[in-house]
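Scroll down for the structure; my scribbles are underneath it.
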Amino acid sequence: MKRSATRKWLALGSLSVFVALASCASTSHTTTCLATARVTPDFNSYSLRRVGLIPLAGRGVETEQREFLQDAIASEFTHSSPFEIVVLSAVDLEEVPESEPTRRGSFRPATVLALARRFNLDAVLVGTVTDYQAFAPQRLGLSIDMVGVETGLPIWSAEVMLDASQKPVQESLVAWREEQQATDSTTESIDIYMISPRRFAQFAASQIAQVL
């Protein structure tokens, strides 16, 4: 179905039509949400059944670290969203035109369209690690765009910046872990989450998932 509004956005090449969300999406979480999001006014009109998640970009992040960050995002989004998350590897992208986000919100439409055709996708999640420190106190910054296959432009964007040395992050992490312990049998102490990059990545992904 053609969308006159989205055609105008494509011509403008702008994200000015995004609306800032004042608060996190309603979830069962009671923790303070540290992520922020922007969404196009007609986001709910899109039929999102299969959404691809490509490997994250970002300088200073090794392949192993990219993989567990991608796994964490896929896991949290699967639990909180109504659509199927299709995790794509670097091998999957080898014959697809490379995406070059020269500025936030600008992606090569050819990349998104090629992925959509090959994997039967309705949208593609493009993530970037904006800050990363794997040793204590950990830092992790993530930005994620959901790019619609019709326009090659974001229909939803979110970002989070977590610094384990900051009190609001510590308090939110403690509260979130307490909620997790109520639903699983894990007995790991909160100290593990403060020093483990994998656990901290899971916390960051949960923050992003709350604003979806």
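Each residue of the sequence shown is one higher than the one before, counting from 149 in my numbering. Where a beta carbon is used, it is the ideal one built from N, C-alpha and C, also for glycine. Since the model is a prediction, treat every value here as computed from it, not as a measurement.
Given residue i, which residues of its chain have a CB within under 7 angstroms of its CB, disregarding the five upstream and five downstream residues?
i	result
T226	I233
Y341	L321, R325, R347, F348, F351
L196	F231, D270, A271
May I ask you to list the residues that DSSP assigns as paired with residue i?
i	result
T259	Per DSSP, none; premise fails for T259.
A205	T276
I292	G275, A306
Q281	R287
Can you look up residue i in the DSSP assignment and give me helix, strand or coil?
i	result
Q286	coil
K156	Any reading at K156 needs caution, since the residue's pLDDT is 35, under 50, leaving its predicted position unreliable; the model's value is listed next. In the structure shown, K156 sits in a helix (DSSP, three-state: H, G or I).
T198	According to the sequence as given, residue 198 is Arg; it is not Thr. Three-state DSSP puts R198 in a strand.
T250	Residue placement at T250 is poorly supported in this model, since its pLDDT is 39, which falls under 50; the coordinates are not used for a value here.
N192	helix
A349	helix
A238	coil
If you follow the alpha helix (DSSP H) that residue i is in, where does it begin and where does it stop?
i	result
S320	315-329
E212	211-228
D339	338-343
Identify the continuous beta strand (DSSP E) that holds residue i and give its terminal residues.
i	result
A185	184-187
L310	302-311
E232	232-235
Apart from the five residues on each side of it in sequence, which residues of its chain come closer than 8 angstroms, Cβ to Cβ, to residue i?
i	result
V244	T259, A262, L263, R266
Y280	G206, G208, V209, Q213, R287, L288, G289
F191	I303, W304
Which residues in the same chain have their Cβ closer than 6 angstroms to the Cβ of residue i, if we skip the five residues on either side of it in sequence?
i	result
S354	E224
L217	L204, A349
P345	A282
S291	T276, T278, E307
A220	A349, Q350, A353
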